[in-house]
Amino acid sequence: MKICVIGAGYVGLTAGACLSEIGHNVICVDNDKVKINNLKKSIMPFFEPELFEIVSSNLKRRSLSFSLDISDAIKKSDVCFIAVGTPQKADGSCDLSSVFDVAKQIGKSINGYKLIVNKSTSLIGTTEKIKKIIQLETSSDIDVIVNPEFLSQGSAVKNFLKPDRLIIGATSQRAIEIFKKIYSPLLISSERFVVMDEKSAEMTKYASNIFLATKISYMNEIANLCEKVGANINNVKLGMSYDNRIGDKFLNSGIGFGGSCFPKDIEAILSLAKEFNCNLDIVSSVGLVNKNQRKIFLNKILNKFNNNIPNKVFSIWGLSFKPDTSDVRCSPSIDIISFLLDCNAKINVYDPKANNNIKDMFKDKISYFDNPYEALQNADALIILTDWKEFLSPDFNKIKTLLKTSIIFDGRNLYDKNYLLSLGIEYFGIGV
Ligand SMILES: NC(=O)c1ccc[n+]([C@@H]2O[C@H](COP(=O)([O-])OP(=O)(O)OC[C@H]3O[C@@H](n4cnc5c(N)ncnc54)[C@H](O)[C@@H]3O)[C@@H](O)[C@H]2O)c1
218 MKICVIGAGY VGLTAGACLS EIGHNVICVD NDKVKINNLK KSIMPFFEPE LFEIVSSNLK
278 RRSLSFSLDI SDAIKKSDVC FIAVGTPQKA DGSCDLSSVF DVAKQIGKSI NGYKLIVNKS
338 TSLIGTTEKI KKIIQLETSS DIDVIVNPEF LSQGSAVKNF LKPDRLIIGA TSQRAIEIFK
398 KIYSPLLISS ERFVVMDEKS AEMTKYASNI FLATKISYMN EIANLCEKVG ANINNVKLGM
458 SYDNRIGDKF LNSGIGFGGS CFPKDIEAIL SLAKEFNCNL DIVSSVGLVN KNQRKIFLNK
518 ILNKFNNNIP NKVFSIWGLS FKPDTSDVRC SPSIDIISFL LDCNAKINVY DPKANNNIKD
578 MFKDKISYFD NPYEALQNAD ALIILTDWKE FLSPDFNKIK TLLKTSIIFD GRNLYDKNYL
638 LSLGIEYFGI GV
């Protein structure tokens with residue numbers, strides 16, 4: 218099938234590349250000239266496992282191409298996916314202007330029946346609005362459906378090619394059949410292919426993201442209490458995780474969540490609820506607990522150094538908001554680094570993939586290292602902010618030798634406190 222994907226970001230590029238991988242002819246379009254010119258040469262805008270391989274092999278096979286010409290891509294396609302950003306406005310509400318701009322362009326360019334699939338996380342009622350915008354520009358027959366995306370950065374390709382469920386909000390039988398045909402190579406079992414009305418599908422995406430964020434904030438609150446009463450959150454988590462009703466995912470305590478989705482989706486739903494005079498007490502607490510968790514962690518650092526950290530040197534391992542991605546959008550590392558810089562501390566950082574993205578923000582205010590151990594030289598403490606696999610079993614003796622004082626602040630609870638204490642390393646985790 219001929220498909221165009223509008224917006225070549227984390228979602229659009231993954232979707233476009235994977236759709237070409239399963240046999241479709243895909244044009245990925247974006248209005249970012251540098252991004253598209255680079256992608257034409259297989260230069261990736263971000264790190265995502267397995268994505269480079271799929272993009273470059275499908276570019277070579279000519280089943281995938283990149284373009285700045287949205288109108289041409291729409292004309293050449295049977296199906297158009299929308300995957301542009303839906304960022305947070307200053308007041309917290311969801312900025313849908315890119316989605317609506319794209320809808321208008323689709324309407325202007327359309328040359329016959331098209332199925333439009335919105336993958337951008339969009340407020341409840343957006344599918345209907347997209348349809349109206351397109352119909353203002355054209356009398357061509359169209360179907361507009363919503364297909365919320367559940368991929369997770371760091372495992373996006375795997376998630377796309379082996380989704381645990383596919384949800385669409387659609388009422389047109391023709392649209393449902395075309396959509397099923399697109400995804401038929403993935404052999405999704407029928408009970409995991411869920412068709413519902415558009416508004417419920419739009420709400421499912423927000424409800425899912427915010428539920429996951431809620432699990433994190435809940436565990437962080439329990440971790441904070443554990444610390445006060447002398448319990449260990451890692452044991453508590455283990456005990457909880459064997460309960461099938463609870464499961465073992467999203468139970469890690471630490472410095473809280475970041476990324477481009479959870480924080481903005483919480484704010485978008487709160488803003489929508491306010492419009493409808495509907496109190497969402499749990500949802501608003503999730504965001505507050507998350508913000509507070511950074512402060513609690515920073516207080517541990519301040520307390521250890523008696524509030525005296527000007528000219529102290531901190532070595533930070535991990536900058537991305539989660540492992541296996543170079544993405545630093547809303548990453549806790551940004552808040553932690555900003556605070557420490559405001560206190561006139563000196564900062565050395567190491568991340569396997571995200572150094573350059575943090576450098577775009579902090580420039581020469583901090584020092585960047587290509588090796589985790591080099592970042593430790595003469596530092597007063599090591600701070601762990603991302604749970605990259607390579608940080609799981611480091612050489613603790615080397616860490617001890619390189620640090621000026623053997624102190625680790627572990628924002629991701631990666632290490633065993635008692636083991637580190639036995640090595641003579643002072644350890645501060647969350648809830649342990
Ligand atoms: N990142 C994730 O893990 C994830 C997961 C599920 C859903 N989502 C949702 O998917 C959407 C996209 O997220 P993302 O992380 O891929 O964003 P992104 O910022 O990485 O990508 C968006 C892309 O759209 C392009 N764009 C913006 N306006 C355009 C226009 N008018 N015409 C053409 N291109 C345009 C931008 O240049 C950018 O390359 C958002 O709604 C997000 O909430 C994201």
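If you use my numbering, the sequence shown corresponds to residues 218 to 649, in order.
Even glycine gets a Cβ: it sits at the ideal position worked out from N, Cα and C.
Since the structure is predicted, the reported quantities are computational estimates derived from the model, not experimental observations.
Given a threshold of 16 other Cβ atoms within 10 Å of its Cβ, counted over all protein chains shown, does residue 499 qualify as buried or as exposed?
exposed
Sub-8 Å separation of residue 416 and residue 302 beta-carbons
no
Quick one: residues in its chain with C-beta nearer than 8 Å to the C-beta of residue 402, no 5 flanking neighbours on either side, listed in chain order?
239 and 240
Using DSSP with H/G/I as helix, E/B as strand and the rest coil, what is residue 478?
coil
Below 7 Å, is the gap between the Cβ of residue 234 and the nearest heavy atom of ligand 1?
no
Would residue 259 and residue 273 qualify as a contact pair, given that the criterion is a beta-carbon distance under 8 Å?
yes
Which residues in the same chain have their Cβ closer than 7 Å to the Cβ of residue 545, if we skip the five residues on either side of it in sequence?
536, 537, 538, 551, 571, 574 and 575
Less than 7 Å between the CB of residue 336 and some heavy atom of ligand 1, yes or no?
yes
Which value, in whole angstroms, describes the spacing of the CA atoms of residue 568 and residue 257?
27 Å
To the nearest angstrom, report how far apart residue 222 and residue 243 are at their CA atoms.
7 Å
C-beta contact flag for residue 562 and residue 529 at 8 Å
yes
Whether residue 360 touches residue 392 by CB criterion (8 Å)
yes
How long is the line joining the alpha carbons of residue 336 and residue 495, rounded to whole angstroms?
26 Å
CB residue 225 to CB residue 252, shorter than 8 Å?
yes
If you compare alpha carbons, which of 245, 531 and 218 is closest to residue 231?
245
Indicate whether the contact test is met: 3 or more Cβ pairs, each with one atom in the segment 426-442 and one in the segment 477-491, closer than 8 Å.
yes
In the DSSP assignment, find the unbroken alpha helix (DSSP H) run with residue 443 in it and report its ends.
415-446
Hey, how far is the Cα of residue 606 from the Cα of residue 254?
32 Å
Residue range of the alpha helix (DSSP H) that includes residue 577
572-579
Pair within 8 Å by beta-carbon distance, residue 630 and residue 471
yes
In angstroms, rounded to a whole number, what distance separates the CA positions of residue 331 and residue 420?
25 Å
How about residue 347: is its C-beta nearer than 8 Å to some C-beta of chain D?
Any reference to chain D falls outside this structure, which holds one protein chain only.
Is residue 494 near ligand 1 - that is, is its Cβ less than 7 Å away from at least one heavy atom of it?
no
Reducing DSSP to helix, strand and coil, say where residue 456 ends up.
helix
Looking only at its chain, what residues have a beta carbon closer than 7 Å to the beta carbon of residue 474, apart from the 5 residues adjacent to it on each side?
430, 433 and 507
Put residue 326 into one of helix, strand or coil per three-state DSSP.
helix
Which same chain residues end up closer than 7 Å to residue 608 when comparing Cβ atoms and leaving out the 5 residues on each side of it in sequence?
534, 535, 601 and 631
Three-way DSSP call (helix, strand, coil) for residue 318 in this model:
helix
Give the range of the alpha helix (DSSP H) segment to which residue 238 is assigned.
227-238
Does the distance from the C-beta atom of residue 441 to that of residue 553 stay below 8 Å?
no
In the structure shown, what three-state DSSP assignment does residue 386 receive?
strand
Sequence-distant residues of its chain with Cβ nearer than 7 Å to residue 522 (five each side left out):
529
Which runs of the beta strand (DSSP E) spanning at least 3 residues fall entirely within the segment 594-648, listed in chain order?
598-601, 624-627 and 643-645
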